[in-house]
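**Q** To start, I am sharing the structure in question, which I have written as structure tokens.
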Amino acid sequence: MAHPVVPPTSYSQPRYPPRDDRRMSGETWPEARDEKKMASQPFKLSLKRNLDVWDFENNLAQINVASSTLQEWSRHYNAIAQEQQRSHSTIPDRMPTLESCNEMLDLQEKIGQALERMRDMIYQQEHAAIADQRMREQGGKGPADYDPEMNVYGDDMKIHSFPGSDGKKRRGRAAPPGRCHSCNRAETPEWRRGPDGARTLCNACGLHYAKLTRKNTMKQAQGPNGSSLRPKSMDDNSPRPL
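The sequence shown begins at 1 in UniProt numbering and counts up by one.
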């Protein structure tokens, strides 16, 4: 008697979470990239200031070298012309070559370019100083008053220290208009509320500040005993008089 063929039981593969290619390739999460960008802001501002100073000094050095070469060249051929005038010669016999004249013209062009770059840098500095002065007259803080290496919240970003409490006040200097009051960032997908009012924190700082605010509110609601229930007194447990 032939036995019926029993179909093989289906074997279900275990389900694993989908692989995150970003971990395999070393790509960081958006939050991590934002934190790295926030931490690099003071370094970038300091680096920019150092580069501006280096450019200014480099332009002065180029002008000094080129002008010294022009001065030596003109002094040399001027002395030759003075000697030949004493010999009653109308045309100098030893004239500068065309190649040397072209080299002097190139140096003159370099001097002009360096002066134009310095003029642009001075114009930007004066324009920033005027804008800073106008902002001061309006009662605000100018960009010169902002220290990128100082956090605007200081110790107030901790759980037990928030705006509104009289125990501590916020430390640091305010950010320029249009920038985050914590990290000085100008670009963010969304502006959020902070201790200075609405739209004063970037998305990352605003979420962090809201999280700390919720923790502080929950801890204050629980009370010193760590529970939101009010303990009963001894009078509540005593029997009521008839």
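We put the beta carbon where it would ideally sit given N, CA and C, even for glycine.
Model, not experiment: these values are computed from the prediction.
Mapping DSSP to helix, strand and coil, what is residue 185?
**A** Looking at residue 185 - three-state DSSP - the assignment turns out to be coil, as it is neither helix nor strand.
**Q** Thinking C-alpha only, which one of 110, 131, 84, 195 is nearest residue 64?
**A** The shortest C-alpha separation from residue 64 is found at 110.
**Q** Assign residue 94 to buried or exposed, taking buried as 16 or more other Cβ atoms, counted over all protein chains shown, within 10 Å of its Cβ.
**A** It is exposed - the Cβ of residue 94 has fewer than 16 other Cβ atoms within 10 Å.
**Q** Below 8 angstroms on the Cβ atoms is my contact criterion, and I expect residue 214 with residue 201 to pass it. Report the Cβ-Cβ distance as a whole number of Å.
**A** The pair is not a contact, with the Cβ atoms about 15 angstroms apart (cut-off 8 angstroms).
**Q** Only counting the same chain, and skipping five residues up and downstream in sequence, which positions put a Cβ closer than 7 angstroms to that of residue 96?
**A** Hits under 7 angstroms: 77.
**Q** Inspect the beta-carbon positions of residue 60 and residue 118 and report whether they are closer than 9 angstroms.
**A** It is a contact, given that the beta carbons lie within the stated cut-off.
**Q** Would you identify the three-state DSSP class for residue 199, choosing helix, strand or coil?
**A** Three-state DSSP puts residue 199 in a strand.
**Q** How close, in whole Å, do the beta carbons of residue 66 and residue 105 come, if the pair is a contact with beta carbons under 8 angstroms?
**A** Actually they are not in contact, since the Cβ atoms of residue 66 and residue 105 sit about 11 angstroms apart, beyond 8 angstroms.
**Q** Does the beta-carbon of residue 128 have 16 or more other beta-carbons within 10 angstroms, so that it is buried, or is it exposed?
**A** That one is exposed.
**Q** In the DSSP assignment, what residue or residues form a beta bridge with residue 194?
**A** DSSP lists 197 as partners of residue 194.
**Q** Closest to residue 56 by C-alpha separation, out of 188, 114, 100, would be which residue?
**A** If we check each option's Cα against that of residue 56, 114 comes out closest.
**Q** For the alpha helix (DSSP H) that contains residue 180, what are its first and last residues?
**A** Segment: none, residue 180 is in no alpha helix (DSSP H) and carries neither H nor E.
**Q** Quick one, which of 185, 122, 69, 102 has its alpha-carbon nearest residue 52's?
**A** Measuring from the Cα of residue 52, the nearest candidate turns out to be 122.
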